[in-house]
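Participant: Here my numbering is used: the first residue of the sequence shown is 738, the next is one more, and so on.
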Amino acid sequence: MDNNEVDTELKRWIDKASYHQLLQRNRFGKLGDKLFIDATGQYFMETMSKKRAELSNDEQVAISKQIGWEPED
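Structure follows, in C-alpha coordinates:
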(Lines of atoms letter the chains of each structure in order from A and count residues from 1; the text may use other names and numbers.)
(Lines give C-alpha, C1' and ligand atoms only; values in the text may rest on other atoms or scores of the structure.)
Protein backbone atom coordinates (compact mmCIF):
# COMPACT_ATOMS: atom_id res chain seq x y z
CA MET A 1 0.00 0.00 0.00
CA ASP A 2 1.14 3.52 -0.83
CA ASN A 3 1.89 5.89 2.08
CA ASN A 4 -0.64 8.30 0.56
CA GLU A 5 -3.49 5.77 0.79
CA VAL A 6 -5.65 5.20 3.85
CA ASP A 7 -5.66 1.54 4.94
CA THR A 8 -9.16 0.22 4.14
CA GLU A 9 -9.59 -1.89 7.30
CA LEU A 10 -8.32 0.86 9.57
CA LYS A 11 -10.55 3.42 7.81
CA ARG A 12 -13.55 1.19 8.47
CA TRP A 13 -12.64 1.01 12.17
CA ILE A 14 -12.03 4.78 12.39
CA ASP A 15 -15.39 5.53 10.77
CA LYS A 16 -17.28 3.24 13.19
CA ALA A 17 -15.40 4.33 16.31
CA SER A 18 -16.84 6.80 18.78
CA TYR A 19 -14.93 9.87 19.89
CA HIS A 20 -14.27 8.03 23.16
CA GLN A 21 -12.66 5.11 21.32
CA LEU A 22 -10.58 7.40 19.11
CA LEU A 23 -9.36 9.51 22.02
CA GLN A 24 -8.49 6.42 24.04
CA ARG A 25 -6.54 4.95 21.13
CA ASN A 26 -4.82 8.29 20.50
CA ARG A 27 -3.88 8.69 24.15
CA PHE A 28 -2.59 5.16 24.72
CA GLY A 29 -1.62 3.96 21.24
CA LYS A 30 1.74 2.32 20.80
CA LEU A 31 4.56 4.08 19.02
CA GLY A 32 4.62 2.96 15.39
CA ASP A 33 0.94 1.94 15.31
CA LYS A 34 -0.21 2.02 11.66
CA LEU A 35 -3.26 3.96 12.82
CA PHE A 36 -1.08 7.03 13.37
CA ILE A 37 1.22 6.89 10.33
CA ASP A 38 1.02 8.57 6.92
CA ALA A 39 -2.37 9.02 5.23
CA THR A 40 -4.13 6.74 7.73
CA GLY A 41 -2.79 8.80 10.63
CA GLN A 42 -3.93 12.01 9.00
CA TYR A 43 -7.38 10.52 8.37
CA PHE A 44 -7.53 9.36 12.01
CA MET A 45 -6.75 12.85 13.34
CA GLU A 46 -9.16 14.58 10.94
CA THR A 47 -11.97 12.18 11.86
CA MET A 48 -11.29 12.51 15.58
CA SER A 49 -11.39 16.31 15.26
CA LYS A 50 -14.73 16.15 13.42
CA LYS A 51 -16.23 13.84 16.03
CA ARG A 52 -14.92 16.06 18.83
CA ALA A 53 -16.52 19.12 17.19
CA GLU A 54 -19.91 17.36 17.35
CA LEU A 55 -19.68 17.28 21.16
CA SER A 56 -20.13 20.02 23.71
CA ASN A 57 -17.17 21.14 25.78
CA ASP A 58 -18.68 19.40 28.82
CA GLU A 59 -19.03 16.13 26.89
CA GLN A 60 -15.42 16.33 25.71
CA VAL A 61 -14.18 16.90 29.26
CA ALA A 62 -16.32 14.06 30.64
CA ILE A 63 -14.95 11.63 28.05
CA SER A 64 -11.38 12.71 28.75
CA LYS A 65 -11.91 12.19 32.49
CA GLN A 66 -13.45 8.74 31.87
CA ILE A 67 -10.37 7.71 29.90
CA GLY A 68 -7.84 9.22 32.29
CA TRP A 69 -4.10 9.21 31.74
CA GLU A 70 -3.19 5.77 33.05
CA PRO A 71 -3.36 2.97 30.46
CA GLU A 72 -5.38 -0.10 31.34
CA ASP A 73 -3.40 -3.33 31.44
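Note that CB positions come from ideal geometry on N, CA and C, so glycine has one too.
Taking the alpha carbon of Arg764 as the point to measure from, which residue in Ala790, Leu792, Met785 and Asn741 has its own alpha carbon closest?
Facilitator: Along the sequence shown, read from residue 1 onward, the residue named residue 764 stands at position 27. Taking only the C-alpha atoms, the option nearest Arg764 is Met785.
Participant: Can you give me the C-alpha to C-alpha distance between Leu772 and Ser801, rounded to a whole angstrom?
Facilitator: On the sequence shown, residue 772 is found 35 positions in, with the first residue counted as 1. On the sequence shown, residue 801 is found 64 positions in, with the first residue counted as 1. Taking the straight line joining both Cα atoms gives about 20 Å.
Participant: Rounded to a whole number of angstroms, what is the C-alpha to C-alpha distance between Ile804 and His757?
Facilitator: Here the question's residue 804 lines up with position 67 in the sequence shown. Here the question's residue 757 lines up with position 20 in the sequence shown. Their Cα atoms are separated by approximately 8 Å.
Participant: Comparing C-alpha positions only, which one of Glu783, Gly778 and Arg762 sits nearest to Glu807?
Facilitator: Looking up residue 807 in the sequence shown gives position 70. Considering only alpha carbons, the answer is Arg762.
Participant: Within its chain, find whatever has a CB closer than 8 Å to the CB of Leu759; leave out the 5 residues flanking it on each side and keep chain order.
Facilitator: As a working mapping, residue 759 is identified with position 22 in the sequence shown. Hits under 8 Å: Ile751, Phe781, Thr784, Met785 and Lys788.
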